[in-house]
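> For the protein sequence lines, the chains are A and B, in the order given.
So in this note's numbering, spot 51 of the first sequence is number 140, and the numbers just go up one at a time.
So in this note's numbering, spot 117 of the second sequence is number 482, and the numbers just go up one at a time.
All C-beta atoms in this analysis are idealised placements derived from N, C-alpha and C, irrespective of residue type, glycine included.
For clarity, every value in this text was computed on a predicted model and none was experimentally measured.
Structure in structure tokens, see below.
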Amino acid sequence: MERHLDPLDAETLATLESLAESTGSDLLHELAQLFIESDLLEKMRAAWAAEGPAQLGDLAHRLKGSSSAIGALRLSSLCQRIEERCARGDEPGQEDLDSLAQEYVRVVTSLQEL
Amino acid sequence: MTRSLQSDKPDAICKILVVDDDPIVLRIVASTLEEAGYDVVGAASAKEAKSFIEKNGLPHLAIVDIRMPGVSGLELCRELRRSSDVPLIMLTSVDDRRTVVKTIQEFADDYVTKPFDPPELAARVGRVISRRSDFSYTFPRVTKIDERLAVDFSSPAAIVDGESVHLTPTEAKILEILVANRGRIVTTGHLLRRVWPDGDVLEDTLRVNIHRLRKKTESEPSRPVYLHTEHGIGYAFRQSSNA
Chain A
90 MERHLDPLDA ETLATLESLA ESTGSDLLHE LAQLFIESDL LEKMRAAWAA
140 EGPAQLGDLA HRLKGSSSAI GALRLSSLCQ RIEERCARGD EPGQEDLDSL
190 AQEYVRVVTS LQEL
Chain B
366 MTRSLQSDKP DAICKILVVD DDPIVLRIVA STLEEAGYDV VGAASAKEAK
416 SFIEKNGLPH LAIVDIRMPG VSGLELCREL RRSSDVPLIM LTSVDDRRTV
466 VKTIQEFADD YVTKPFDPPE LAARVGRVIS RRSDFSYTFP RVTKIDERLA
516 VDFSSPAAIV DGESVHLTPT EAKILEILVA NRGRIVTTGH LLRRVWPDGD
566 VLEDTLRVNI HRLRKKTESE PSRPVYLHTE HGIGYAFRQS SNA
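Structure below.
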């Protein structure tokens with residue numbers, strides 16, 4: 090697979106790997122676990138179905154931060170798009186959520202393979 | 366001494382409070398700063414951060430996210446800045462220019478946007494900490510001055526002969542700076558810049574606050590024991606002989 094299609098940014102991963110090495114910790118796996126356990130995609134789906142743009146926007150903002158921190162940059166920018174729509178009071182479309190879900194699954198798969 | 370973060374470790378362990386509702390960001394920031402030699406405490410909300418400060422006193426520096434559930438990072442920082450001089454770094458994905466500029470003008474010592482580079486964040490923390498010559502704001506909750514006077518910087522209140530006397534946040538901040546520099550003259554200009562970083566405050570306002578502080582802490586405000594005016598220069602906090 091070409092580098093630009095990787096769901097996780099290589100430079101961010103290298104920085105985190107270097108940090109893990111210097112602290113002697115299992116940082117990458119800890120972060121992967123935190124990301125997967127937060128289950129933000131499911132929370133966003135529930136918010137979209139039941140709670141409206143404000144709650145969905147908050148969750149998109151949270152996932153944007155988590156994903157950018159681990160180098161999931163495309164996922165982060167998809168979250169930003171949803172966050173911006175919610176901030177305008179718009180309901181994001183099904184298409185936006187489908188793209189987000191697909192990328193989220195790719196990110197989780199990559200994290201599980203670390 | 367300037368500390369850069371890659372190679373140098375802080376001389377004494379500085380405590381950094383990180384406030385962010387995202388456990389992933391908290392974990393990365395903690396690892397980064399612990400590796401740089403700092404003692405890191407994480408809080409998942411402004412409420413948790415305030416509770417930590419009430420119990421443990423102020424950290425040497427706080428890193429605060431803006432958008433969090435409940436009390437926002439901006440509200441938390443304004444509250445901290447009203448009554449203390451603790452350095453504040455914003456770490457946030459809020460990147461609109463108006464917020465960045467206003468936050469820096471109002472209280473932030475630095476502003477870092479997400480996604481952030483961990484070594485760069487450590488460098489910025491090192492830079493902000495190295496600019497501070499004293500860490501008086503990390504006083505314990507109650508600082509005893511002498512047998513007659515103590516100051517509770519978290520309330521804030523002066524405790525005079527065992528009686529608690531309320532201090533306004535501005536009075537507490539002035540007192541904090543003067544007590545931190547006890548025995549030394551603090552210039553009027555320095556006090557004005559530290560207490561009112563936005564500017565636009567007349568020296569008279571400082572004088573009025575010092576006058577009120579004397580009324581609250583001195584036995585005879587017209588013949589002060591603690592808060593001395595150094596004419597044409599500034600003010601000095603001196604301890605009484607029973608310290």
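Which word fits B/Pro-434, buried or exposed, when buried means at least 16 other C-beta atoms lie within 10 angstroms of its C-beta?
B/Pro-434 should be labelled exposed.
> A/Ser-114 touches chain B at which residues, Cβ-Cβ below 7 Å?
Within chain B, the residues near A/Ser-114 are Ser-396.
> Report the residue ranges of all alpha helix (DSSP H) runs contained in full by the region 425–497 of chain B; include only those spanning at least 4 residues, in chain order.
Here the runs fully enclosed are 438–448, 462–471 and 483–496.
> Return the CA-CA distance between B/Ile-389 and B/Leu-567, expressed in angstroms with no decimal places.
Taking the straight line joining both Cα atoms gives about 45 Å.
> Can you find at least 3 beta carbon pairs, one from the region 530–538 of chain B and one from the region 578–586 of chain B, that sit closer than 8 Å?
Result yes; three or more Cβ-Cβ pairs closer than 8 Å.
> In the DSSP assignment, find the alpha helix (DSSP H) that holds A/Ser-155 and state where it starts and stops.
Looking at the DSSP string, the run of the alpha helix (DSSP H) that includes A/Ser-155 is 142–158.
> Are B/Val-544 and B/Thr-508 close, meaning C-beta to C-beta below 9 Å?
Yes. Within cutoff.
> How is B/Phe-602 classed by DSSP in three states: helix, strand or coil?
In this structure, B/Phe-602 counts as strand in the three-state DSSP scheme.
> Going by DSSP in three states, B/Ser-416 sits in which element: helix, strand or coil?
Helix at B/Ser-416.
> Expressed to the nearest angstrom, what Euclidean distance is found between the alpha-carbon atoms of B/Leu-453 and A/Pro-181?
So the two alpha carbons sit approximately 35 Å from each other.
> Who does A/Thr-101 pair with in a DSSP beta bridge?
According to DSSP, A/Thr-101 bridges with nothing at all.
> Quickly, what does DSSP pair B/Ile-524 with across the bridge? List them, please.
Looking at the DSSP assignment, B/Ile-524 forms a beta bridge with B/Ala-515 and B/Ser-529.
> For B/Arg-489, does the count of other Cβ atoms within 10 angstroms reach 16, so buried, or fall short, so exposed?
Buried, since its Cβ has 16 or more Cβ neighbours within 10 Å.
> Counting C-beta neighbours from all protein chains within 10 Å, is the total for A/Leu-108 16 or more, i.e. buried, or is it exposed?
Buried, by the Cβ-count rule.
> If the cut is a Cβ gap below 9 Å, which residues of chain A does B/Ile-469 touch?
Under the 9 Å cutoff, chain A gives no residues; its nearest Cβ is about 21 Å from B/Ile-469.
> Just the Cα atoms here: how many angstroms apart are B/Tyr-591 and B/Glu-583?
Approximately 7 Å, taken between the alpha carbons.
> Mind checking whether B/Glu-399 and A/Thr-101 have CB atoms under 9 Å apart?
In this structure, A/Thr-101 does not lie closer than 9 Å to B/Glu-399 by Cβ.
> To the nearest angstrom, how far is it from the Cα of B/Ser-520 to the Cα of A/Ala-121?
The alpha-carbon atoms of B/Ser-520 and A/Ala-121 are separated by roughly 41 Å.
> Answer yes or no: does any C-beta atom of chain A fall closer than 9 Å to that of B/Glu-400?
Chain A contact via Cβ: present.
> Excluding sequence positions up to five away, which residues of its chain have a Cβ less than 6 Å from the Cβ of B/Asp-385?
Result list for B/Asp-385: Leu-391 and Asp-430, in chain order.
> Just verifying my parser: in three-state terms, what is the DSSP assignment at B/Leu-370?
Caution is warranted here: a pLDDT of 33 is assigned to B/Leu-370, below 50, making its placement in the model unreliable, and no coordinate value can be reported.
> Within 10 angstroms of the Cβ of A/Tyr-193, are there 16 or more other Cβ atoms? Answer buried if so, exposed if not.
A/Tyr-193 comes out buried.
> Whole angstroms is fine: what's the gap from A/Leu-186's alpha carbon to A/Ser-157's?
Rounded to whole angstroms, A/Leu-186 to A/Ser-157 spans 18 Å at the Cα level.
> Can you tell me whether DSSP reads B/Pro-375 as helix, strand or coil?
The predicted position of B/Pro-375 is uncertain, since its pLDDT is 45 and thus under 50; a value taken from the coordinates is nonetheless stated next. DSSP places B/Pro-375 in coil when its eight states are reduced to three.
> Taking Cβ-Cβ distances shorter than 7 Å, what residues in chain B pair up with A/Leu-108?
Ordered by position in chain B, the residues that pass the 7 Å Cβ test against A/Leu-108 are Ser-396, Thr-397, Glu-400 and Pro-483.
> Output, in chain order, the set of chain A residues within a Cβ distance shorter than 8 Å of B/Ile-390.
Correcting the residue type first, residue 390 of chain B is Val in the shown sequence and not Ile. The answer, in chain order, is Gly-154, Ser-155 and Ala-158.
> Out of A/Arg-163, A/Cys-175, A/Glu-202 and A/Ser-155, which one is the CA nearest neighbour of A/Gly-146?
Minimum Cα distance to A/Gly-146 is reached at A/Cys-175.
> Chain B partners of A/Ser-111, CB-CB under 7 Å?
Within 7 Å Cβ-Cβ: Glu-400.
> Taking the alpha helix (DSSP H) that B/Gly-554 falls in, what are its first and last residues?
553–560 is the span of the alpha helix (DSSP H), which, as asked, contains B/Gly-554.
> Which residues in the same chain as B/Arg-549 place their Cβ atom closer than 8 Å to its Cβ, once the five residues preceding and following it in sequence are excluded?
Cβ neighbours of B/Arg-549 beyond the five flanking positions: Ala-601.
> Which chain A residues are close to B/Ser-587, counting only those with a beta carbon under 8 Å from its beta carbon?
The premise fails here: B/Ser-587 is roughly 56 Å from chain A at the closest Cβ pair, so nothing lies under 8 Å.
> Straight-line CA distance for B/Arg-690 to B/His-593?
Nothing can be reported for residue 690 of chain B: it is not among the residues displayed for chain B, which extend from 366 to 608.
> With C-beta atoms as the reference, is A/Arg-163 less than 9 Å away from A/Pro-96?
The answer is yes: Cβ separation under 9 Å.
> How should B/Gly-438 be labelled, buried or exposed, when 16 other C-beta atoms within 10 angstroms of its C-beta is the threshold for buried?
By the 10 Å Cβ count, B/Gly-438 comes out buried.
> By the DSSP assignment, the alpha helix (DSSP H) with B/His-596 in it spans what residues?
Where B/His-596 is concerned, there is no enclosing alpha helix (DSSP H), given that its DSSP letter is neither H nor E.
> At a CB distance below 7 Å, what residues from the region 441–471 of chain B approach chain A? Give them in sequence order.
So the list reads Ser-458, given in the order they occur along the chain.
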